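S.K.: Those protein sequences? They're chains A and B, same order as listed. Sequential numbering from 1 applies to the first sequence in full-length UniProt numbering. Sequential numbering from 1 applies to the second sequence in full-length UniProt numbering. Heads up, the beta-carbon is just placed ideally off N, CA and C, and yes, glycines get one too. This structure is a prediction, so every number in the text was calculated from the model and none was measured. Sharing a structure, written as structure tokens. Questions coming.
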Amino acid sequence: MATHFVIDGLKAEIEGKEILKGINLEIKGGEIHAIMGPNGTGKSTLASALMGHPKYEVTEGSATIDGEDLLEMSVDERARAGLFLAMQYPSEIPGVTNSDFLRSAINARREEGSEISLIKFIRQMEKKMKDLEMNPEFAHRYLNEGFSGGEKKRNEILQMAMLEPKIVVLDEIDSGLDIDALKIVSNGVNAMRSEDRGFLIITHYQRLLNYITPDFVHVMMQGRIVKSGGPELAERLENEGYDWVKEELGIVDETVGQA
Amino acid sequence: MSTQLTTPTDRQSAEALARSKGEPQWLVDLRGEAAELAGTLEWPKPEKMRIDRWNLTAVGAYEQGKAVGSVAELPEVVRELVAEGTENIVVQHNSSAVLKQLSAELAAKGVIFTDLETACKEHADLVKPYLFQAVSAGENKLTAMHAALWNGGVFVYVPKNVEVELPLQAVLFNNKAGAAFAPHILIVAESNSSVTYVDYVVSEPGSIDAAFVHHSVVEVFVKPGAHVRFGSIHHMAENGVDMTLRRSVIENDGQMEWVVGDLNDGYTVSDTVSLLKGNGSNSDAKVISIGGNEMKMSLTTQATHFGRSSESNMVTRAVMRDNATAIINGITKIEKGATKANGVQTEKVLMLSPKARGDANPILLIDEDDVKAGHAASVGQVNPEQVYYLMSRGISKQDAERLIIYGFLAPVVSEIPIDAVREQLQRLLERKLEG
């Protein structure tokens with residue numbers, strides 16, 4: 001069955017402040033959706049609320065992968081159900097090597113007794129790291145510790161490639177990347193495109209979409225999706241900015257939950 | 001049976017015991033004088049820890065272990081620590097050495113690796129100039145008592161320019177509460193030599209049914225240009241009190257590395273000191289500890305700089321569970337004249353229970369202007385952002401926390417140079433963190 005991801009009327013708040021005011025979105029396997037919008041409009045909150053970050057509280061709505069309600073699940077269960085979030089600011093975990101961490105993550109998806117063999121795991125990891133032009137020594141480095149911004153982002157894509165999720169959310173994956181790294185990361189994402197997998201790309205720059213062509217583009221303001229279209233929408237935003245959208249919709253301040 | 005007094009020894013009995021073991025007269029005299037001193041001195045007073053309220057007198061009676069021909073004849077607790085084919089090993093059972101082996105190759109180079117009681121008889125010329133020179137018998141009641149009563153022990157001697165490639169290994173175990181268990185470890189590394197020594201001090205599981213005190217002193221002499229790596233894991237039973245003082249004297253351009261796992265189930269005083277006497281001398285100390293149940297621990301690392309351009313680094317990491325208490329002191333002392341010295345220390349405590357207590361006390365005592373010194377101390381819980389990140393990859397909360405805790409201890413665990421010991425340490429950590 002092809003992947004089917006549905007967000008329905010999702011509302012979420014942080015510290016009592018409502019940020020998401022009813023998000024509706026449907027992503028089918030094989031599709032790439034981009035959510036664009038200026039800073040402070042709730043884009044990253046959507047990503048964190050879907051994953052289940054403890055600071056965000058979902059107050060209404062649902063999010064389902066193939067009919068299973070993610071919002072009823074703990075963070076690790078959501079991941080095992082097929083959701084992957086490439087984070088804007090990945091944590092550093094001292095003392096835990098990248099490879100030990102990834103092997104634990106893969107084995108968490110397998111039954112006890114059918115863990116991935118060490119040889120097979122190493123082969124897979126080495127291949128994917130080569131694809132992402134990562135130095136092999138990063139397998140033995142402590143998870144994200146002392147990584148540059150670009151190295152962290154590449155490491156997020158490595159994890160995505162190893163874990164083979166059904167729904168991938170990329171939160172500002174392009175921030176802090178130079179053009180070469182941007183190409184490598186984009187290639188990594190494009191290589192993962194398949195009928196079984198849907199993507200939600202969150203960005204406020206159009207440049208990433210030069211390398212990863214979206215099927216649908218959505219504009220987010222004031223905690224809602226206010227406009228949707230095809231790839232041509234992203235191009236117009238790149239050329240003309242967001243003011244015309246605000247004018248069209250009569251929006252003065254596009255941000256949400258700002259003090 | 002042992003009789004227990006406020007000071008658990010006196011001159012007459014200490015001398016009588018020494019004579020009964022056939023010890024040389026100089027050692028009999030040393031023990032007798034120390035026993036007398038013990039009666040007049042006070043127990044040491046570690047920061048914020050009233051050890052005088054602990055049962056410090058259950059030092060037991062001398063109990064000779066039965067000598068064996070090989071590791072295979074020893075209990076499982078020892079066998080699982082020693083890899084097959086290990087050539088260089090000393091094993092102490094309760095009060096005496098029961099096995100000592102040194103490869104012919106090292107013996108031919110003049111390396112000595114044996115129990116200290118034997119060394120006092122056979123190599124007095126090499127032992128006498130060092131024994132109780134780094135730690136003086138007269139410092140306090142503990143050092144005096146130890147000088148009077150120490151038994152078994154280990155002596156390592158590495159001649160000038162000799163590099164010992166393989167680690168020298170010792171296992172010291174007790175399995176009877178009434179048996180004295182008080183090893184003294186003495187290591188002498190001559191100029192430009194290098195050696196790695198690793199010991200494991202352990203109670204045989206299920207064997208200890210009453211209170212006991214393990215008192216131990218480690219003295220390490222690092223001669224000019226020499227390099228000593230010292231690793232030690234302590235895992236004694238919960239009825240025990242472990243009081244271990246380690247001290248190293250480091251000469252010009254000498255290097256000292258300490259890797260210590262204080263993983264007892266009972267009360268612990270652990271005090272690890274580097275005296276950086278020489279110019280360009282260097283010391284690195286890493287200590288890990290896990291406190292659980294009602295344990296109390298006083299963990300101190302200290303670096304005292306005398307030499308110019310001497311450098312020290314100290315790292316202590318403790319995980320605290322249940323109602324355990326740990327007082328962790330890091331002392332960097334830079335004496336007048338130790339110009340360009342550089343001393344750095346970090347103490348980190350991870351609290352897994354609201355009832356546990358962990359105090360990290362960085363103490364810097366600096367009497368020279370032209371130096372560098374740094375310290376960092378933190379006491380905190382497992383970081384929820386880190387747990388979230390790991391869980392977002394499908395790892396359960398329990399496994400995420402486990403990974404973070406092991407990661408916290410990894411900088412020390414990964415430094416243990418003997419595979420069998422490191423693997424055993426990992427199993428021990430699992431038991432202590434999940435039990």
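With H, G and I counted as helix, E and B as strand and the rest as coil, what does DSSP make of E247 of chain A?
M.R.: Helix at E247 of chain A.
S.K.: So that I know if they touch, is there some Cβ in chain A lying closer than 7 Å to that of L263 of chain B?
M.R.: Cβ-Cβ to chain A under 7 Å: no for L263 of chain B.
S.K.: How is the alpha helix (DSSP H) around H146 of chain B delimited, first residue to last?
M.R.: That run of the alpha helix (DSSP H) goes 141 to 149.
S.K.: Let me know if Q12 of chain B comes out buried or exposed under the rule of 16 or more other beta-carbons within 10 Å of its beta-carbon.
M.R.: Label assigned to Q12 of chain B: exposed.
S.K.: Specify the secondary structure class of G223 of chain A as computed by DSSP and reduced to three states.
M.R.: If DSSP states are grouped into helix, strand and coil, G223 of chain A belongs with coil.
S.K.: Take the Cβ of T316 of chain B as the centre, count every other Cβ of all protein chains shown within 10 Å, and call the residue buried at 16 or more, exposed below.
M.R.: By the 10 Å Cβ count, T316 of chain B comes out buried.
S.K.: Let me check understanding here. Comparing Cα to Cα, which of A:E254, A:I32, A:L249, A:M36 lies closest to Q206 of chain A?
M.R.: Checking every option, the nearest Cα to that of Q206 of chain A belongs to A:M36.
S.K.: Check whether the Cβ atoms of D171 of chain A and A47 of chain A sit closer than 7 Å, and answer yes or no.
M.R.: Result yes, Cβ atoms of D171 of chain A and A47 of chain A sit closer than 7 Å.
S.K.: Between A79 of chain A and chain B, is the shortest Cβ-Cβ distance under 7 Å, so that the two count as touching?
M.R.: Judged by the 7 Å Cβ criterion, A79 of chain A is in contact with chain B.
S.K.: Based on the DSSP output, what are the partners of P362 of chain B in its beta bridges?
M.R.: BP columns for P362 of chain B point to B:G330.
S.K.: Tell me the start and end of each unbroken beta strand (DSSP E) in the stretch 55 to 99 of chain A that is at least 3 residues and wholly inside, in chain order.
M.R.: Qualifying beta strand (DSSP E) stretches, in chain order: 56 to 65, 83 to 86, 93 to 97.
S.K.: Can you pull the chain B residues whose beta carbon is under 8 Å from the beta carbon of A108 of chain A, in chain order?
M.R.: Here the neighbours are R393, G394, I395, S396, D399.
S.K.: Does L5 of chain B pass the burial test, meaning 16 or more other C-beta atoms within 10 Å, or should it be called exposed?
M.R.: Low local confidence applies: a pLDDT of 49 at L5 of chain B is under 50, so the model's placement there is unreliable, with the coordinate-based value given in what follows. With fewer than 16 Cβ atoms within 10 Å of its Cβ, L5 of chain B is classed as exposed.
S.K.: Taking the CB atoms as reference points, tell me whether L168 of chain B and E219 of chain B lie closer together than 7 Å.
M.R.: Result no, Cβ atoms of L168 of chain B and E219 of chain B do not sit closer than 7 Å.
S.K.: What three-state label does DSSP hand V164 of chain B in the structure shown?
M.R.: If DSSP states are grouped into helix, strand and coil, V164 of chain B belongs with coil.
S.K.: Taking 7 Å as the threshold (beta carbon to beta carbon), is Y157 of chain B in contact with chain A?
M.R.: Cβ-Cβ to chain A under 7 Å: no for Y157 of chain B.
S.K.: Any C-beta of chain A sitting closer than 7 Å to the C-beta of S2 of chain B?
M.R.: Confidence at S2 of chain B is low in this model, with a pLDDT of 37, below 50, so its placement is unreliable and the value that follows should be read with caution. It does not; no Cβ of chain A falls within 7 Å.
S.K.: What residues from chain A crowd round Q426 of chain B, counting only those whose CB sits closer than 9 Å?
M.R.: The contacting residues do not exist; Q426 of chain B stays about 12 Å from chain A at best.
S.K.: Between I93 of chain A and chain B, is the shortest Cβ-Cβ distance under 7 Å, so that the two count as touching?
M.R.: At least one chain B Cβ lies under 7 Å of I93 of chain A.
S.K.: With C-beta atoms as the reference, is G188 of chain A less than 7 Å away from I167 of chain A?
M.R.: No, they are not a contact pair.
S.K.: Between the Cα of R103 of chain A and the Cα atoms of A:L118, A:T45, A:Q222, which residue gives the shortest distance?
M.R.: Closest option to R103 of chain A, Cα to Cα, is A:L118.
S.K.: What is the rounded straight-line gap between the Cα of A14 of chain B and the Cα of E42 of chain B?
M.R.: Straight-line Cα distance between these residues: approximately 19 Å.
S.K.: Across which residues does DSSP place Q302 of chain B in a beta bridge pair?
M.R.: Answer is B:V273, B:I331.
S.K.: Is the shortest distance between the beta-carbon of I14 of chain A and the beta-carbons of chain B less than 7 Å?
M.R.: With 7 Å as the cut-off, I14 of chain A does not count as an interface residue toward chain B.
S.K.: Which residue wins for smallest C-alpha separation from P205 of chain B, given the options B:S216, B:N239, B:A182, B:E190?
M.R.: Measuring from the Cα of P205 of chain B, the nearest candidate turns out to be B:N239.
S.K.: Is E72 of chain A closer than 7 Å to G9 of chain A when the C-beta atoms are compared?
M.R.: No.
S.K.: Would you verify that the beta carbon of M160 of chain A is, or is not, closer than 7 Å to some beta carbon of chain B?
M.R.: No, no contact with chain B.
S.K.: Taking 7 Å as the CB-CB limit, is L99 of chain B close to chain A?
M.R.: Closer than 7 Å: no.
S.K.: List the residues that DSSP assigns as beta-bridge partners of T118 of chain B.
M.R.: Beta-bridge pairing links T118 of chain B to no other residue.
S.K.: Name the DSSP bridge partner or partners of M391 of chain B?
M.R.: Paired residue(s): none; M391 of chain B is not in a bridge.
S.K.: Let me check understanding here. Comparing Cα to Cα, which of B:L149, B:E163, B:N313 lies closest to A179 of chain B?
M.R.: Nearest of B:L149, B:E163, B:N313 to A179 of chain B, Cα basis: B:L149.
S.K.: When you compare each of A:I157, A:E92, A:G29, A:A86 to S44 of chain A by their alpha carbons, which one comes out closest?
M.R.: Nearest of A:I157, A:E92, A:G29, A:A86 to S44 of chain A, Cα basis: A:A86.
S.K.: Going by C-alpha distance, which of B:I405, B:R246, B:A360 is nearest Q133 of chain B?
M.R.: Selected option, being the one with the closest Cα: B:R246.
S.K.: The ligand SAH and D8 of chain A: does the residue's C-beta get closer than 6 Å to at least one heavy atom of that ligand?
M.R.: In the structure shown, the ligand SAH is absent, as is every other ligand, since no ligand is present at all.
S.K.: Are there 16 or more other CB atoms within 10 angstroms of the CB of K120 of chain A, so buried, or fewer, so exposed?
M.R.: By the 10 Å Cβ count, K120 of chain A comes out exposed.
S.K.: What number of angstroms, rounded off, separates the C-alpha of D262 of chain B from the C-alpha of M129 of chain A?
M.R.: Spanning the two alpha carbons is a distance of roughly 39 Å.
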